[in-house]
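Asks: One structure follows; several queries about it will come next.
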Amino acid sequence: MSNNLYWSVYQNLEKELIELTNHIHVDDKQINVYSMKISELLIRASIEFESLAKELYINNGGPKADDNNLFFDTDCMNYLNSLWKLESKKVQVVSNNFYFNNDENKLLSPLKKAHKRGSSSEKWLQAYQAIKHNRRTSLERANIKHLISSMAGLYILNLYYKAEFFELGKDCDGLNFQTNCGSSIFSVFIHPSKGIQLRSDSDYPKNNNFDECIYLVVPSTETIAPIKNILSEIEKNVKEELTIDKICTKFSDIIGESISVRDPENPVELNELLVKAAELQRKELFEKNLNDQIDSLRNAYEEVQFQGVLNKNQF
């Protein structure tokens, strides 16, 4: 997105957090270290988060007006969560400046409860609100754990705001995808393509961690179009060739070969056989037309290219 003011601010916050690790050895034992500097960074990151949540809400059709009654959590994040399942998205802390062994510190779901308010919200958002209103009595909540979580949440929103896609060529597994997406601290999960689905645009084979992935590998629309065109032509030919005469001929073959017809005069049973005849005839015609186009299809499949796109719950 052009004129993106949010990403440069986020990158500056990352630099300051990394600079902080030059003075604090950040590991699992130090995760609750707090300071005035950490409180400053936490407040700045959270303010950016509020602003970006509202921006995304407005840009993506949020129904409420942009006024003082629009809340970043119960309105904006709740709406965005309904669109993209942000509560399930996960990121990893991958920077060498952090020495975490515990998964709870290096594998984060910072938006799991970001659409709620008060004691039901994320711990880092609760800390932000407490520090903002009374820093003196709430300073202990300005710790590294909450700061990293706030940065992770801001990172995710920035990715959805940038809405970038990446050309991956033949890399259907996303092995060459840069999972940090420009971050010096975090990386995302990417869902590999598990085959080219052609029957429906919404048909996408999913792994168990699909909702956790921020990026998906999908065939590009342009390179998959020739395959869809060939299959559409095959379907059209089958429809034109599937005549009543051919179905009746197949029906006669079934009646002649079948020894399981209990009552030849039963209209229900005869109807079932007629449906079966139509299905068999259609299958034969499809296979015939497919065989005629097999070389064209093979060539089209070889030209398919893949992209990394945001997981916006589009499948």
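Numbering (the numbering used here), first residue to last: 1 to 315.
All residues carry an ideal CB built from backbone N, CA and C; glycine is no exception.
1) As a quick exercise: from 168, 62, 308 and 162, pick the residue whose alpha carbon is nearest that of residue 3.
2) Taking the C-alpha atoms as reference points, what is the distance between residue 72 and residue 79?
3) Which residue spans inside the stretch 179-248 form an unbroken beta strand (DSSP E) run of at least 3?
4) Which same chain residues, not among the five before or five after residue 183, have their C-beta less than 7 Å away from its C-beta?
5) How many Å lie between residue 238 and residue 279 at the Cα?
6) Could you spell out the range, first to last residue, of the alpha helix (DSSP H) harbouring residue 91?
7) From this set, 216, 172, 23 and 192, which residue's C-alpha is nearest residue 313's C-alpha?
8) When we look at the beta-carbon of residue 259 and count the other beta-carbons within 10 Å, is it buried (16 or more) or exposed?
9) Between which two residues does the beta strand (DSSP E) containing residue 169 stretch?
10) Decide yes or no for the touch test of the stretch 137-147 against the stretch 23-41: beta carbon pairs closer than 8 Å, at least 3 of them.
11) Quick one: is residue 114 buried, meaning 16 or more other Cβ sit within 10 Å of its Cβ, or exposed?
12) With 16 other CB atoms within 10 Å as the buried threshold, where does residue 108 fall?
13) For residue 167 and residue 110, I'd like the C-alpha separation in whole angstroms.
14) Quick check on DSSP: helix, strand or coil for residue 153?
15) May I have the straight-line CA-CA distance separating residue 261 from residue 288, to the nearest angstrom?
16) Since I believe residue 218 is in contact with residue 193 (beta carbons under 8 Å), could you give me their beta-carbon distance rounded to a whole number of angstroms?
17) How many Å lie between residue 35 and residue 20 at the Cα?
18) Between residue 124 and chain C, is there a C-beta pair that is closer than 9 Å?
19) Between which two residues does the alpha helix (DSSP H) holding residue 5 run?
20) Does the stretch 171-185 come within contact of the stretch 91-98, defined as at least 3 CB pairs closer than 8 Å?
21) Could you spell out the range, first to last residue, of the alpha helix (DSSP H) harbouring residue 56?
22) Between which two residues does the beta strand (DSSP E) containing residue 307 stretch?
23) When the Cα of residue 232 is compared with those of 299, 248, 208 and 293, which residue comes out closest?
24) Who are residue 99's beta bridge partners in DSSP?
25) Taking all protein chains shown into account, do 16 or more other C-beta atoms lie within 10 angstroms of the C-beta of residue 206, making it buried, or fewer, making it exposed?
26) Out of 165, 271 and 306, state which residue places its alpha-carbon closest to the alpha-carbon of residue 224.
Replies: In short:
1) For residue 3, the nearest C-alpha among the options comes from 162.
2) Those two C-alpha atoms are separated by around 10 Å.
3) Considered as a whole, the stretch 179-248 harbours 186-188 and 215-219 as its complete beta strand (DSSP E) runs of no fewer than 3 residues, in chain order.
4) Counting only Cβ-Cβ distances below 7 Å, and skipping sequence neighbours, we find 14 and 155.
5) Pairing residue 238 with residue 279, the inter-Cα distance amounts to about 12 Å.
6) Not the alpha helix (DSSP H): residue 91 falls in the beta strand (DSSP E), residues 91-93.
7) Scanning 216, 172, 23 and 192 for the CA closest to the CA of residue 313 turns up 216.
8) Note that residue 259 scores 42 on pLDDT, short of 50, meaning its location in the model is unreliable; the coordinates nonetheless yield the value given after this. The residue is exposed, with fewer than 16 neighbouring Cβ atoms inside 10 Å.
9) In this chain, the beta strand (DSSP E) harbouring residue 169 covers 166-169.
10) Result yes; three or more Cβ-Cβ pairs closer than 8 Å.
11) With a 10 Å radius around the Cβ and a threshold of 16 neighbouring Cβ atoms, residue 114 comes out buried.
12) Answer is buried; the Cβ neighbour count reaches 16.
13) Answer to the nearest angstrom: the Cα atoms are 28 Å apart.
14) For residue 153, the secondary structure class from DSSP, reduced to helix, strand or coil, is helix.
15) Its pLDDT being 49, under 50, residue 261 is placed unreliably by the model, and nothing is read from it.
16) With a Cβ gap of about 6 Å, residue 193 and residue 218 count as contacting.
17) Cα-Cα distance, rounded: 11 Å.
18) Of the chains in the structure shown, none is chain C; there is only one protein chain.
19) Run containing residue 5: 5-20, per the alpha helix (DSSP H) assignment.
20) Counting Cβ pairs under 8 Å, three or more are found: they touch.
21) In the DSSP annotation of this structure, the continuous segment of the alpha helix (DSSP H) that includes residue 56 starts and ends at 36-59.
22) Taken as a continuous stretch (DSSP letters only), the beta strand (DSSP E) holding residue 307 covers 306-310.
23) If we check each option's Cα against that of residue 232, 293 comes out closest.
24) The partner list for residue 99 (beta bridge, DSSP) reads 27.
25) If you draw a 10 Å sphere on the C-beta of residue 206, you find fewer than 16 other C-beta atoms in it, and that means exposed.
26) Here the closest residue by C-alpha is 306.
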